[in-house]
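First to last, the protein sequences are chains G and Y. The first sequence begins at 9 in our numbering and counts up one residue at a time. The second sequence begins at 123 in our numbering and counts up one residue at a time. One structure is given here, and the rest of the page talks about it.
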Amino acid sequence: MKKVYVSGAGMTRFGELWKEDLRSLAVEAAKSALESAEIERNAIDAIFVANMGSSSLSGQDHLGSLIASELDINVPAFRIEAACASGGVAINLAKSYMLANNCKNVLVIGVEKMTDVSANDVTKVLARAADEEYEAYFGATFPSLYAMMARAYMSKYGLTKEQLAEVSVKNHFHGTLNEKAQFQKEITVEDVVGAPAVADPLGLLDCSPITDGAAAIVLSVKKSKVQLLSSQVSTGNISLQNRPSFTSIDATVRSADLAFKEAGISRKNIELVELHDCFSIAEIIAYEDLGFAKEGKGFELIENKSAYRDGALPVNTSGGLKSCGHPVGATGIKQVVEIFEQMTGQAGKRQLVNDSKILHLPIMSGVAEVLQLLVFLQMYKKSSAKVWRKYQERYQDKGNATLLTWSTVHAAPSGFEAYTPYIIAIVQFSDKSKATVQLVDCNEADLASGIDCEPVYRKLYSDSSEGIIHYCVKYRPLQKS
Amino acid sequence: MKNLDEEVDMKINNSGIVSYGVSIPRRRISINTIASVWGKDGEQITSSLGLVEKTVPAPDEDTISLAMQSAKYAVDNISAKKLKIGAIYTGSESHPYAVKSTSAIVGEALGIGNSYTAADTEFACKAGTAALQMILGLSSSKMIEYGLAIGADTAQSRPADALEYSAAAAGAAYLIGTDPKEIIANVLFSSSFTSDTPDFWRRGHELYPSHAGRFTGEPAYFKHVYAATKAILEESNYKPSDFAHAVFHMPNARFPQKAAKDLGFNAEQLRAGFTVPLLGNSYSACSLVGLAAVLDVAKPNEKIFVCSYGSGSGSDAFVIETTNNIKYYKNSQTVKEQIENKTYVDYSYYITSVGKIKL
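Spelled out as structure tokens, the structure:
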């Protein structure tokens, strides 16, 4: 098989870029990547655009055509959507496309313009990365899903909020060296622990921000300094409730194993990692799922400073999603841009080793866990009939349930503002099946894993003051609150 | 429905209560708390209205959810059997939709299929008992095998208005059937007395009801309650002392106590169903919650008197008699248990939760 190289990479600044729009961001990153690759736009054989939410966030679809038009070329152009994995999946598909079609150069762009809509609307859009039918519909936000993982992890392994905070502290430190990062400011453990709750136990500084930005790379068959040794995509269950574990993402484990196998190298060969720290807990879990730490021991990489830029295995020298920012579709591409710049000695103040001998440093970029998302987006419709389908088929006759893990949602998706804060939980029925539900009539302080809850009918949300009111089954602890 | 000047039969044949369920929100606000916001003497208001506290619906509790929950309890209380429910009527003055059936949403939630008739009623605080009469009519005429009559409300009240101390939320559902083996209480008689009396109303698109102050008493509540009560006692040949229990609509504690006394009922007869001091007035659910509290403790072959009142105005009266089956009936969520299971909220939670502050 032909080898594929990263011949150029570029990105915009990440942040709240009020003067930029979806189009200008994508074009800036693309031109920067073409310049880095030292090729003209006419040398591009195809374009892949990674983006998650432009329909809702920018009112724009058909991104392939949009970007091709802006670059004034008529090559095949595709838009890739796989939530946070959009960028990584776009690179994977671009590589396959190149090899299948004998292309010389393919441009891969990731872009997201997120700040044109309210934070509540962004929260709602991001929740579509989860299972709309089983999770988001009931008010589960993306932070709340990771918060439930965090609660489960903390309970299982004794990780403290202070230890979790160290992840954000590290990534913010790295971000101070990145002139394109959204936040170039150090923070302390006290800052993180004292920050407002987003979805308990995760606070504002445990969460990656809402970011505008774009990143682009050029994949080429002509040999250059950075080779793409392997790219693997794996999918796991889109619903947290249905995953084998709340403290591991099995798709990450599988895709990492496949990538190391394809590349023919071991984890010991890795000298730099960019990984998906959408929430502080995600980085700890990723250490373990990628095989750099044993189960429950991920925090050791932070504690012994291994994951710092001068440590044994630097992780997220860009500042990660937390500090550099997380324009969703751009993130997977940005991770490769960071690796490219480090490997080619263009990382400026962040530069680890200005030595072209580390030519074959593998890329650990965004890991896909949510590919099935497209199917669910197509099913998205607003009708009260589906409310009833939900609980008649799944919950109505299942009776009481046992609480497994939960999170108090403080930053709600649009439509849920009037009910905030509310508690999202995963419960288990006597037949061992699980559901993501809301808990009502209780205080978080009274909750404990294993308590029994009874079903109650409640209002879920209203489309608008003129729209349909949605009802569902929620649960409440049996004992008096 | 009846002209009392004519000879009319108020008897109901072979229909009765098979099961019932009540849904009471867990949150409470004390009368003192509300009074303190408006610079009033809470003790004085508590004493004059006879109210201590009232229920507050959670932000996600509305009339439909309360109706669904009470209906679910009613059906679950006799869960062994697949019911052929042929009708659902839900009375409320706070139906969340101006146009769209609350009752159909309840039916869908219960999963009772599609072969049933449904409609929503409105008659201020007596919409629930009006629904009950309609279900009894369908049932005793054998048009349906089982029917559900529901009263549910999340009652509105203007901030600082006298009604703010009493307007509460709850739901109550009654499953009516005709099988003597299943009936826990036969409904023997029902009468109504209705007139155009503008004592309390709410215009379309208005957030809060208006009322005519003291006019809501003598010419409104008392006139209608007395007329309906006297008519049914006369028709049924019962006298107040025949009843073990009596429930009069409870807009506050004073009105039903005075009505009972004037009509010849005593305090002991009122006691079991006198839920208003700790719950407030849950409007369409109010009399039906009182009846449920009575059924929770009633023994076989006890007669129960119920008289509702709805502003605008009308009263529905019922003569009910428990059967031996009530010995074996268990309400899984008794009114007493739900009254005791409570959490207090402050005024800011209250006004946010009931939508007096729009989010």
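Idealized CB from N, CA, C, for every residue including glycine.
So, residue i versus residue j, is the Cβ gap smaller than 8 Å?
i, j, result
"T416(G)", "A205(G)", "yes"
"V457(Y)", "V144(Y)", "yes"
"H182(G)", "N324(G)", "yes"
"D275(Y)", "S404(Y)", "yes"
"A189(G)", "F22(G)", "yes"
"P378(Y)", "H371(Y)", "yes"
"G402(Y)", "T177(Y)", "yes"
"I151(Y)", "Y348(Y)", "no"
"C332(G)", "N113(G)", "no"
"L411(G)", "V448(G)", "no"
"G269(Y)", "I207(Y)", "yes"
"K10(G)", "L115(G)", "no"
"S126(G)", "S422(G)", "yes"
"T131(G)", "A453(G)", "no"
"D285(G)", "N128(G)", "no"
"K103(G)", "L309(G)", "no"
"A135(G)", "L481(Y)", "no"
"A277(Y)", "E183(Y)", "no"
"N408(G)", "C461(G)", "yes"
"S262(Y)", "S430(Y)", "no"
So which of the options has the shortest CA-CA distance to residue i?
i, options, result
"G18(G)", "L185(G), A419(G), V226(G)", "V226(G)"
"A138(G)", "D208(G), Q249(G), K482(G)", "Q249(G)"
"L25(G)", "D80(G), I99(G), F191(G)", "F191(G)"
"A222(G)", "V119(G), R251(G), E270(G)", "V119(G)"
"A207(G)", "Q436(G), G147(G), I52(G)", "G147(G)"
"Y219(Y)", "R484(G), L486(G), P485(G), H478(G)", "H478(G)"
"I55(G)", "E43(G), E170(G), I459(G), G72(G)", "G72(G)"
"G340(G)", "V241(G), I292(G), Y295(G)", "V241(G)"
"Q354(G)", "K233(G), S473(G), S470(G)", "K233(G)"
"R358(G)", "N128(G), S263(G), T184(G)", "T184(G)"
"V345(G)", "D29(G), S44(G), E28(G)", "S44(G)"
"A290(G)", "Y465(G), Y154(G), G244(G), W414(G)", "Y154(G)"
"Q444(G)", "N451(G), S438(G), I432(G)", "This sequence places Thr at residue 444(G); Gln is not what is there. Of the candidates N451(G), S438(G), I432(G), the one whose C-alpha sits nearest the C-alpha of T444(G) is I432(G)."
"G386(Y)", "T397(Y), K264(Y), A366(Y), N374(Y)", "A366(Y)"
Name the chain G residues that come within less than 9 Å of residue i, Cβ to Cβ?
i, result
"Q191(Y)", "V464, Y465, R466"
"D318(Y)", "Within chain G, no residue comes near D318(Y); the closest Cβ sits about 32 Å away, beyond 9 Å."
"R393(Y)", "None at all; the shortest Cβ gap to chain G is about 25 Å."
"A407(Y)", "Simply none; closest approach about 15 Å."
"A334(Y)", "Going along chain G, no residue has its Cβ under 9 Å from A334(Y), so there is no contact; the nearest lies around 30 Å."
Could you list which residues in chain G have their beta carbon closer than 7 Å to that of residue i, in chain order?
i, result
"E340(Y)", "Near E340(Y) there are no residues of chain G at all, since even the closest Cβ is about 39 Å away, more than 7 Å."
"R325(Y)", "What R325(Y) touches in chain G: nothing, since even the nearest Cβ is about 18 Å away."
"K194(Y)", "Y465"
"A220(Y)", "Near A220(Y) there are no residues of chain G at all, since even the closest Cβ is about 11 Å away, more than 7 Å."
"R150(Y)", "Here the premise fails: no neighbours, minimum Cβ distance about 12 Å."
List, in order along the chain, the chain Y residues whose C-beta lies closer than 8 Å to that of residue i?
i, result
"Y483(G)", "Those do not exist, as Y483(G) stays about 12 Å from chain Y at its closest Cβ, beyond 8 Å."
For residue i, return the contacting residues in chain C, with the cut-off set at a CB-CB distance below 9 Å.
i, result
"I186(Y)", "The structure shown contains no chain C; its protein chains are G and Y."
Could you list which residues in chain G have their beta carbon closer than 8 Å to that of residue i, in chain order?
i, result
"L481(Y)", "E425, A426"
"I210(Y)", "Near I210(Y) there are no residues of chain G at all, since even the closest Cβ is about 14 Å away, more than 8 Å."
"A274(Y)", "Those within 8 Å of A274(Y) in chain G number zero; the least Cβ separation is about 11 Å."
"A414(Y)", "Result: empty, since nearest Cβ-Cβ is about 18 Å, beyond 8 Å."
Using a C-beta to C-beta distance shorter than 7 Å, which residues of chain Y count as neighbours of residue i?
i, result
"V448(G)", "A180, D182"
- For the region 213-257 of chain Y, list the beta strand (DSSP E) runs that are entirely contained and at least 3 residues long, ordered along the chain. 239-243
- Message: Measuring CB atoms only, is the region 202-220 of chain Y touching the region 333-347 of chain Y, in the sense that at least three cross pairs come out at less than 8 Å?
- Response: no
- Enumerate, from N- to C-terminal direction, the unbroken beta strand (DSSP E) stretches of 3 or more residues contained entirely within the region 165-196 of chain Y. 175-178
- Message: Runs of 3 residues minimum, wholly inside the region 304-362 of chain Y: which ones carry the beta strand (DSSP E) assignment?
- Response: 307-319
- Task: Would you mind listing the beta strand (DSSP E) stretches within the region 370-406 of chain Y that are 3+ residues and don't spill past its ends, in chain order?
- Result: none
- Item | In chain order, each beta strand (DSSP E) run of at least 3 residues that lies wholly inside the region 264-322 of chain G | none
- Message: In chain order, what are the residue ranges of uninterrupted alpha helix (DSSP H) at least 4 long that sit wholly in the region 184-267 of chain G?
- Response: 197-202
- Query: Residue ranges of each alpha helix (DSSP H) run of no fewer than 4 residues wholly in the region 414-473 of chain G, ordered along the chain?
  - Reply: none
- Meets three-Cβ-pair contact criterion under 8 Å: the region 223-232 of chain Y and the region 244-251 of chain Y: no
- Query: Counting pairs of Cβ atoms below 8 Å between the region 186-204 of chain Y and the region 293-313 of chain Y, do you hit three or more?
  - Reply: yes
- Task: Indicate whether the contact test is met: 3 or more Cβ pairs, each with one atom in the region 348-359 of chain G and one in the region 196-203 of chain G, closer than 8 Å.
- Result: no
- Message: Measuring CB atoms only, is the region 27-47 of chain G touching the region 306-321 of chain G, in the sense that at least three cross pairs come out at less than 8 Å?
- Response: no
- Is it a yes or a no for the region 416-428 of chain Y touching the region 441-450 of chain Y, going by three-plus beta-carbon pairs under 8 Å? yes
- Query: Fully enclosed by the region 28-62 of chain G, which beta strand (DSSP E) runs are 3 residues long or longer?
  - Reply: 54-58
- Item | Stretch-stretch touch, CB-based, cutoff 8 Å, three pairs: the region 407-419 of chain Y with the region 352-362 of chain Y | no
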